[in-house]
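Protein chains: 2
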Amino acid sequence: MLAHRRRDALPVSLRSPAPASDDVPVSDGPGRKPSIVREDLVAAALRLTGPHRSVSTLSLREVAREAGIAPNSFYRQFHDMDELAVALIDVAGESLRGIIGDARRRAVSGRSIVRGSLEAFMARLRADDKLLHVLLREGTVGSDAFKRAVDRQLHFFEEELRADLIRIAAAQGLGFHRPDLVSRAITRLVFALGGTALDSPPERDAALVEELAQMIRMLLRGAHALSRDSAGNRMPPPVD
Amino acid sequence: MLAHRRRDALPVSLRSPAPASDDVPVSDGPGRKPSIVREDLVAAALRLTGPHRSVSTLSLREVAREAGIAPNSFYRQFHDMDELAVALIDVAGESLRGIIGDARRRAVSGRSIVRGSLEAFMARLRADDKLLHVLLREGTVGSDAFKRAVDRQLHFFEEELRADLIRIAAAQGLGFHRPDLVSRAITRLVFALGGTALDSPPERDAALVEELAQMIRMLLRGAHALSRDSAGNRMPPPVD
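In order, the protein sequences belong to chains A and B. Take the first sequence: its letter number 162 is residue 171 in my numbering, and every next letter is one higher. Take the second sequence: its letter number 148 is residue 157 in my numbering, and every next letter is one higher.
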C-alpha cells in the first residue's frame with residue numbers, strides 16, 4: 010500500500026474528502042481496516058491488473074477486497090469503478106511525465122537525447138511500472154471517460170516533449186516543421202511499439218530501442234528538411 | 010449472416026471440418042438452426058463487439074445464442090472462444106490487406122499515394138468495418154494467442170507496404186533508408202491515430218488525414234535524407 014502523504018501534496022484527483030471528525034478511524038466491521046484514502050483503492054486496483062486483466066474488467070467488490078475494506082466503504086472515495094479508473098489514469102500521467110524528467114537527466118549531450126529518452130522509457134517499463142502498463146495497454150478500451158482521461162495524459166506528455174524539441178532545435182539553430190505533429194508521432198510510436206515490449210523478452214529491448222531511435226531520427230530529419238523547404242529551398246517532396 | 014462460400018474458397022482458418030455425412034443438416038434442437046460453419050460464429054461474435062465490448066469479453070454462450078445455435082454445437086467449430094478470436098483476427102487481416110489494394114486503386118500518381126492510402130483507410134473505418142475496429146482497438150489486450158495473431162496480421166500488412174515503398178522509391182530513382190522500419194512506423198502510427206478516429210466525430214476525419222499525411226511525409230523525407238547520408242553526403246544528424 011502506498012504510504013500516506015500529506016493531503017495537499019496529493020493531486021486533486023486523489024484527495025479523499027476531508028474527514029468529518031479529525032483522525033478518528035472508523036471501523037468497517039470485524040477484521041477490516043479503518044477508512045482509507047483514494048490512493049489505497051487505486052493501488053489495490055493496480056495490483057489486480059496485468060497482461061490479461063484490464064482495469065475495465067475489475068469489479069468494485071474485488072478491488073474493495075484487495076484493499077481490505079467493505080464494499081460499501083468504496084463509495085466514500087469513488088462513485089463507481091469508472092471514477093476510480095479515471096483517477097488511476099491521472100496518477101499514471103504523473104508517472105508518464107516523470108519519464109521526461111528521467112530523460113533530461115540521462116541526456117549528457119544533444120547527441121544522446123533520443124537514445125537517453127528511449128532508455129528512460131524502457132527502464133520504467135521494466136521497473137514494473139504498472140501505471141505505465143495500463144496506459145500502454147488499455148488506452149483504447151473502456152468507458153468514454155476512461156479513454157478521455159488517457160488522451161488527456163498523453164496530450165500533457167506530448168506538450169512537454171514538443172517544448173523540449175523546440176528548445177533543442179533552437180539551440181542548434183535549426184528550423185523545425187510542425188513540432189506538435191513530430192511530438193505526437195514520437196509519443197504514439199513509442200507507446201505503440203514500446204507496448205509490444207511488454208509481451209516480448211527483455212533481451213529484445215536493446216533491438217527495439219535501436220529501431221525506435223532510427224524511426225525518431227527519420228522523423229526529426231524529415232521535420233528539419235521540410236522546415237528548410239518552407240524557408241525557400243523548395244525541393245519537390247519525393248512522395249506526397 | 011455471411012453467405013456460405015465454397016469450402017475451398019475460405020481461408021484455412023475458417024473452413025469447417027468436413028461433415029460426417031454429405032449435406033445432412035443436423036438439428037440442434039427445437040427452434041435452432043442446423044449445423045453452421047465457423048464463418049457464422051465469427052460473424053456472430055463480430056456483431057456483438059463494439060466500442061465498449063471487446064472480443065475477449067464475449068462468452069461462448071452469448072456468441073452461440075447470437076448465431077442461433079446451442080452452446081454445445083459451438084464445439085463442433087472451435088475448441089473455445091480463444092480459438093474463435095484468433096480466427097476472427099485472421100479474417101480481419103484479409104480486410105486489412107484489402108486497404109492496400111484500395112489504396113493502389115485510388116492513387117492516380119506518385120504524388121497522391123500517401124493521401125490516397127489514408128483516405129482508403131478512413132473509408133474502411135467509416136464503412137463500419139468491424140474487423141478493422143477490432144484490430145485497432147484490441148491488439149493490446151487478450152490472450153497471448155490473440156495478441157500473436159494480431160501481430161502476425163500487422164506484419165503481413167507491413168510487408169506489403171514495405172514492398173510498395175521500395176517500388177515507388179525505385180521508380181523515382183531515390184534511395185531509401187530502412188524501408189522495413191519506415192513501413193512499420195507508418196503502419197503503427199496510422200493504427201494508433203486512426204484508432205482515435207473511432208472515438209471522434211467524422212467531421213474530424215479530414216484534419217486527421219492531413220496530420221497523418223504530414224507525419225508520413227516527414228518519415229519518408231527523413232528516410233530519403235538518411236539514405237543520401239549513407240551514400241556519402243554525410244551530414245551530422247541534428248539530434249541523435
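Note that the Cβ used here is the ideal one computed from N, Cα and C, for glycine as well. The structure presented is a predicted model; accordingly, all values stated were derived computationally and were not measured.
Beta-carbon neighbours of residue i, restricted to chain A and to distances below 8 Å
| i | result |
| --- | --- |
| Glu220 (chain B) | Leu190, Arg193 |
| Gln86 (chain B) | The premise fails here: Gln86 (chain B) is roughly 24 Å from chain A at the closest Cβ pair, so nothing lies under 8 Å. |
| Ser236 (chain B) | None at all; the shortest Cβ gap to chain A is about 10 Å. |
| Arg113 (chain B) | What Arg113 (chain B) touches in chain A: nothing, since even the nearest Cβ is about 14 Å away. |
7 Å Cβ cut-off: residues of chain B touching residue i
| i | result |
| --- | --- |
| His142 (chain A) | Ordered by position in chain B, no residue passes the 7 Å Cβ test against His142 (chain A), which lies about 10 Å from the chain. |
| Thr58 (chain A) | The premise fails here: Thr58 (chain A) is roughly 11 Å from chain B at the closest Cβ pair, so nothing lies under 7 Å. |
| Leu134 (chain A) | Within chain B, no residue comes near Leu134 (chain A); the closest Cβ sits about 13 Å away, beyond 7 Å. |
| Val159 (chain A) | Here the premise fails: no neighbours, minimum Cβ distance about 10 Å. |
| Met224 (chain A) | Leu190, Ala194 |
| Leu228 (chain A) | Met227, Leu228, Gly231 |
| Arg187 (chain A) | Gln223 |
Contact under 9 Å by Cβ, residue i with residue j
| i | j | result |
| --- | --- | --- |
| Leu55 (chain B) | Leu140 (chain B) | yes |
| Met224 (chain A) | Arg237 (chain B) | no |
| Asp214 (chain B) | Ala222 (chain B) | no |
| Leu144 (chain B) | Leu127 (chain B) | no |
| Gly125 (chain A) | Ala112 (chain A) | yes |
| Arg187 (chain B) | Leu235 (chain B) | yes |
| Gly184 (chain A) | Ala240 (chain A) | yes |
| Met227 (chain B) | Leu228 (chain A) | yes |
| Ala73 (chain A) | Ser82 (chain A) | yes |
| Ile108 (chain A) | Ala136 (chain A) | no |
| Glu212 (chain A) | Leu190 (chain B) | no |
| Thr149 (chain A) | Gly204 (chain B) | yes |
| Leu198 (chain A) | Leu174 (chain B) | no |
Chain B residues whose Cβ lies nearer than 8 Å to that of residue i
| i | result |
| --- | --- |
| Glu168 (chain A) | Ordered by position in chain B, no residue passes the 8 Å Cβ test against Glu168 (chain A), which lies about 16 Å from the chain. |
Residue i at chain A interface by Cβ criterion, 9 Å
| i | result |
| --- | --- |
| Arg171 (chain B) | no |
| Leu198 (chain B) | yes |
| Gly231 (chain B) | yes |
| Ala179 (chain B) | no |
Beta carbon proximity, residue i to chain B, threshold 9 Å
| i | result |
| --- | --- |
| Ala240 (chain A) | no |
| Leu97 (chain A) | no |
| Ser63 (chain A) | yes |
Per-residue DSSP class, three states only, for residue i
| i | result |
| --- | --- |
| Asp238 (chain B) | helix |
| Arg187 (chain B) | coil |
| Gly203 (chain B) | helix |
| Gly59 (chain A) | strand |
| Pro80 (chain B) | helix |
| Ser121 (chain A) | helix |
| Ala54 (chain B) | helix |
| Pro210 (chain B) | coil |
| Ala179 (chain B) | helix |
| Ile45 (chain B) | coil |
| Thr149 (chain A) | coil |
| Phe87 (chain A) | coil |
| Ala194 (chain B) | helix |
| Ala136 (chain B) | coil |
| Leu67 (chain A) | coil |
Cross-chain neighbours of residue i in chain A, by beta carbon under 9 Å
| i | result |
| --- | --- |
| Asp208 (chain B) | Thr149, Asp153, Lys156, Arg157, Asp160 |
| Ser126 (chain B) | Within chain A, no residue comes near Ser126 (chain B); the closest Cβ sits about 10 Å away, beyond 9 Å. |
| Arg146 (chain B) | Thr149, Val150 |
For residue j and residue i, believed in contact at Cβ under 8 Å, the rounded distance
| i | j | result |
| --- | --- | --- |
| Phe155 (chain B) | Thr196 (chain B) | Actually they are not in contact, since the Cβ atoms of Phe155 (chain B) and Thr196 (chain B) sit about 19 Å apart, beyond 8 Å. |
| Leu57 (chain B) | Met90 (chain B) | Going by Cβ atoms, the distance from Leu57 (chain B) to Met90 (chain B) rounds to 11 Å, so no, they are not a contact pair. |
| Arg146 (chain A) | Ser63 (chain A) | 7 Å |
| Gly231 (chain A) | Arg171 (chain B) | Not really, about 18 Å apart at Cβ, beyond 8 Å. |
| Ala53 (chain B) | Ala76 (chain B) | 4 Å |
| Val159 (chain A) | Ile98 (chain A) | 6 Å |
| Ser104 (chain A) | Asp49 (chain A) | In fact, because the Cβ distance is near 17 Å, the residues do not count as touching under 8 Å. |
| Arg106 (chain A) | Glu169 (chain A) | 6 Å |
| Val51 (chain A) | Val123 (chain A) | The pair is not a contact, with the Cβ atoms about 32 Å apart (cut-off 8 Å). |
| Gly80 (chain B) | Leu69 (chain B) | The sequence given here has Pro at residue 80 (chain B), not Gly. That pair is a contact at about 6 Å. |
| Ala8 (chain B) | Ala201 (chain A) | As displayed, chain B neither begins before 10 nor continues past 249, which places residue 8 (chain B) out of reach and without an answer. |
Per-residue contacts from residue i into chain B (C-beta, under 9 Å)
| i | result |
| --- | --- |
| Leu202 (chain A) | Arg193, Ala194, Arg197 |
Partner residues on chain E for residue i, Cβ-Cβ distance less than 7 Å
| i | result |
| --- | --- |
| Arg47 (chain B) | In the displayed structure, chain E is absent; the protein chains listed are A and B. |
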